[in-house]
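A.B. asks:
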Amino acid sequence: MVKASLFSRVWMNAVLVVLAILFLAPLVYILLNSFKPAGEIFQVPQSILPKEWTLENYLAATSKGFINYFRNSVVITVGGVFLTVLLSSLAGYGFAKLPFRGTNFVLLTIVATLTVPLVIFLVPMFLMENELGLLDTNLGLLLPNVAVSLPFAILIMRASFIAIPQEIEESATMDGAGVLRRWWTVMLPMARNGIVLVVIMTSYAIWGEYTMAKTLSMDPPAMPLSVGLTLLKGEVWQYGVLAAVIVLAMLPPIIVFIVFQKHIVSGVAQGAVKG
Amino acid sequence: MALSSLPVADPTLKRSPEVPRPIRGGRRGKRNLPVGVLFILPAFLFIFVFMLYPLVSSGYMSLTEYNFVYDSTPKFIGLDNYFAAFQDSTFVTALTNTFVFGAFYFVIVMVSSLAIALLLFQKLRFNSFYRSAVFVPIVVPLSLAALVFLWILQPNYGLLNHFLGDVLGLHFLTQPWLSNGTTAMGSIIVLAAWASIGFVTILFLAGLQGISNDTLEAAEMDGARGLRKVFYIVLPSLRETYILTGTWTIIHALKVFVEPMVMTDGGPGTSTLVVYQQVYLTAFTYFDMGYASAMGYILGLIILVLVVLNFFIGKIRADKDA
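Chains G and Z are the protein sequences, given in the same order. Position 251 of the first sequence, counting from 1, maps to 251 under the working numbering, and the rest follow consecutively. Position 105 of the second sequence, counting from 1, maps to 105 under the working numbering, and the rest follow consecutively.
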């Protein structure tokens, strides 16, 4: 786009600074509060910056209940992301390079599930997991999270495999490599960008997932962070500690975002442009 | 966040020329089972067990009376649950609230995202900082953001009242935000918009990047500048993007759940109770699985109708212009 005039550039910068403050304020606010001693949090009038910086909230955050929430979130996210990447890169390759009669119908069915609200699945999921004894277990949250993440992941992986030129695969076929070996040694490394995008998107989705976790884990020790911490919303005396735990829970996704921002934005954008 | 539920309309879904003819792979191919099936099967099983089967099962259950605690098996009652829902004042309230939330959310998110995308599209010096600030809420777990907002809105020691009262001196504006139906709904809308605008902005930016430089330069030559250029050249070129962002925003508007669950519990009274929440409560507090399924299906059908409508309105407009 052509450069705007000086006047309108000043004006646009001003608007963007205000917007940036509005978007960042909640995050900065919780970060600063997490360093305030208990007494200061309830002081009226407030000071935005802590008058006395303390780490006591972070030390208290290592208590057993919080560690449990963290462990559950890590297990569900790591396991869920691993399975999602494995299954979506198999299926994406199948859809992109090994079409069979009915491929399009299967793909459309999978894409159509993206418009169905999760709430429709909850009751049968609950009844099924109740039968199988999966309620209140990490596996019971990991498996449906993989299923819900798959449709989008398959679309990303399918697009990355389609982008790989046919000749590369053909030359591997000449060398006598079987289809599974071609997938593993030749195709998968070339679809690296797609895999990174799937890892990042799925991690965010599972780490922050609330609806299924709220339904399928009712016992606090089985809850991930996204649900477990909301149980403390009324317990005022815990606010400083809660702030510290919230900061710790928000940090991993934010760090990943800062490192991979370009990758994420262009990945989402590409998906959109293709649409 | 719900990044994974972005409905990507991928044009390559229609078989594109570069999709190869079926490859028969190794030994399995000789048994005539297409090897592609084996690659797709594991993922499909997951989707079948946790999404397709539940979709059908829930559809059947919506036609039955089935209390998980009292009834041993579902009893078929036809469409009674659906008729009952529209005579149930709580459900009608929840549906109305969902639409009120959805209308405000849709307009606010679409308009601000487009405006922010237009600003970020300019080559300004601190562009990458502005972008990070607007995009970062996308990756923050929504239920935790709701806890932070709860704290900001706290009447006695929350940030908002402190800022309005002590900093700006506007004491008459300070109030218990979540104790009043209107401001409680407003708070939920603000949180939802804060969490969503970044993502929709990325989609609009992608759309803007797709407008060809030739179009823009030709417009300049014809003397279109500044706002005139934006209104007559840029905005009409984004038709395809409106379909995409519109679809995403409609789905997310009607699926609102986390915000009222964490911030208001549907209150005060039922002033922020939404359909998703009412389905959840009916199923997992009252264990009335049949009725809950019917309400879930009603919501699903409404979403489907609006998404299809949005698609066709977008298409017709685009065709008219072409």
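Just so you know, even glycine gets a beta-carbon here, dropped at the ideal spot from N, CA and C.
#1: Counting contacts by CB-CB distance shorter than 7 angstroms, is Z/V308 in contact with chain G?
#2: Under the three-state reduction of DSSP, which class applies to Z/K123: helix, strand or coil?
#3: Determine which residues share a DSSP beta bridge with Z/F99 and list them.
#4: Check this for me: beta carbons of Z/T201 and Z/M110, under 7 angstroms apart or not?
#5: On the CB-based measure, 16 or more other CB atoms within 10 Å of its CB, does Z/N97 come out buried or exposed?
#6: Z/T285: buried (16+ other C-beta within 10 angstroms of its C-beta) or exposed?
#7: Looking at the structure shown, is G/N72 part of a helix, part of a strand, or coil, going by DSSP?
#8: Kindly indicate which residue of Z/L159, Z/V92, Z/S212, Z/D88 has the alpha-carbon position closest to the one of G/A25.
#9: Can you tell me whether DSSP reads Z/R24 as helix, strand or coil?
#10: Take Z/L173 and list the residues in its own chain whose beta-carbon comes closer than 8 angstroms to its own, dropping the five residues that flank it on each side.
#11: Counting C-beta neighbours from all protein chains within 10 Å, is the total for Z/H252 16 or more, i.e. buried, or is it exposed?
#12: Taking only beta-carbon atoms, is Z/K320 less than 7 angstroms away from chain G?
#13: Less than 7 angstroms between CB atoms is the rule here; does Z/G25 satisfy it with respect to chain G?
#14: Could you check the C-alpha separation between Z/F129 and G/L6 for me, to the nearest Å?
#15: Quick one: what's got a C-beta closer than 8 angstroms to G/T202's C-beta in the same chain, skipping five residues either side?
#16: Taking 7 angstroms as the threshold (beta carbon to beta carbon), is Z/D88 in contact with chain G?
#17: Closest to G/Q238 by CA distance: which of G/M12, G/I195, G/Y58 is it?
#18: Does the beta-carbon distance from Z/E259 to Z/L191 come in below 7 angstroms?
#19: Please classify Z/F91 as buried or exposed, where buried requires at least 16 other C-beta atoms within 10 Å of its C-beta.
#20: Any chance you could list the alpha helix (DSSP H) runs of at least 4 consecutive residues sitting entirely within the segment 164-236 of chain Z, in chain order?
#21: Taking only beta-carbon atoms, is Z/L299 less than 7 angstroms away from chain G?
#22: With a threshold of 8 angstroms, are at least 3 pairs of Cβ atoms found where one atom belongs to the segment 71-89 of chain Z and the other to the segment 293-304 of chain Z?
#23: I need the straight-line Cα distance from G/N193 to Z/H171, nearest angstrom please.
#24: Hey, how far is the Cα of Z/V305 from the Cα of G/L55?
#25: Considering only the beta carbon of each residue, do G/I206 and G/F260 sit closer than 7 angstroms?
#26: Which residue from G/W11, G/Q270, G/M12, G/V17 puts its Cα closest to that of Z/S352?
#27: Any beta carbon of chain Z sitting closer than 7 angstroms to that of G/I246?
#28: What separation, rounded to the nearest whole angstrom, lies between the Cα atoms of G/S266 and G/I156?
#29: Do the segment 41-52 of chain Z and the segment 91-110 of chain G make contact, defined as three or more Cβ pairs closer than 8 angstroms?
#30: Following the continuous alpha helix (DSSP H) through G/T173, name the residue where it begins and the one where it ends.
#31: Would you decide whether G/S34 is buried or exposed? Buried here means 16 or more other CB atoms lie within 10 Å of its CB.
#32: How would you label G/L122, buried or exposed, when you count the other beta carbons within 10 angstroms and need 16 or more for buried?
C.D. replies: Let's see:
#1: Not a single CB atom of chain G sits nearer than 7 angstroms to the CB of Z/V308.
#2: Correct three-state label for Z/K123: coil.
#3: Partner residues in a beta bridge of Z/F99, as assigned by DSSP, do not exist.
#4: It is not a contact, given that the beta carbons lie outside the stated cut-off.
#5: With 16 or more other Cβ atoms within 10 Å, it is buried.
#6: Label assigned to Z/T285: exposed.
#7: Note: G/N72 maps to helix in three-state DSSP.
#8: Of the residues Z/L159, Z/V92, Z/S212, Z/D88, the one whose Cα lies closest to the Cα of G/A25 is Z/L159.
#9: Here the model assigns Z/R24 a pLDDT of 48, short of 50, so the residue's position is not dependable, and the following value carries that caveat. If DSSP states are grouped into helix, strand and coil, Z/R24 belongs with coil.
#10: Around Z/L173: L164, G165.
#11: By the neighbour-count criterion, in which 16 or more other beta carbons inside 10 Å mark a residue as buried, Z/H252 falls on the buried side.
#12: Output row for Z/K320: interface = no.
#13: The predicted position of Z/G25 is uncertain, since its pLDDT is 46 and thus under 50; a value taken from the coordinates is nonetheless stated next. Z/G25 counts as touching chain G.
#14: Between Z/F129 and G/L6, the C-alpha separation is close to 20 angstroms.
#15: G80, V81, T84, V85, S149, A153.
#16: Taking Cβ atoms only, chain G never reaches closer than 7 angstroms to Z/D88, which makes this a no.
#17: Selected option, being the one with the closest Cα: G/Y58.
#18: Cβ atoms of Z/E259 and Z/L191: closer than 7 angstroms.
#19: Buried is the call here.
#20: Listed in chain order, they are 181-210, 213-221, 226-229.
#21: At least one CB of chain G lies nearer than 7 angstroms to the CB of Z/L299.
#22: Yes: at least three Cβ pairs fall under 8 angstroms.
#23: The alpha-carbon separation between G/N193 and Z/H171 amounts to approximately 53 angstroms.
#24: Those two C-alpha atoms are separated by around 52 angstroms.
#25: G/I206 places its beta carbon 7 angstroms or farther from that of G/F260.
#26: Chain Z is shown only over 1 to 322; residue 352 of chain Z falls outside these bounds and no answer can be derived.
#27: Yes, contact with chain Z.
#28: Near 13 angstroms, if we compare the C-alpha coordinates of G/I156 and G/S266.
#29: Of all C-beta pairs linking the segment 41-52 of chain Z to the segment 91-110 of chain G, three or more are shorter than 8 angstroms, placing the two stretches in contact.
#30: Under the DSSP assignment, G/T173 falls in the alpha helix (DSSP H) whose first and last residues are 166-174.
#31: By the 10 Å Cβ count, G/S34 comes out buried.
#32: Buried.
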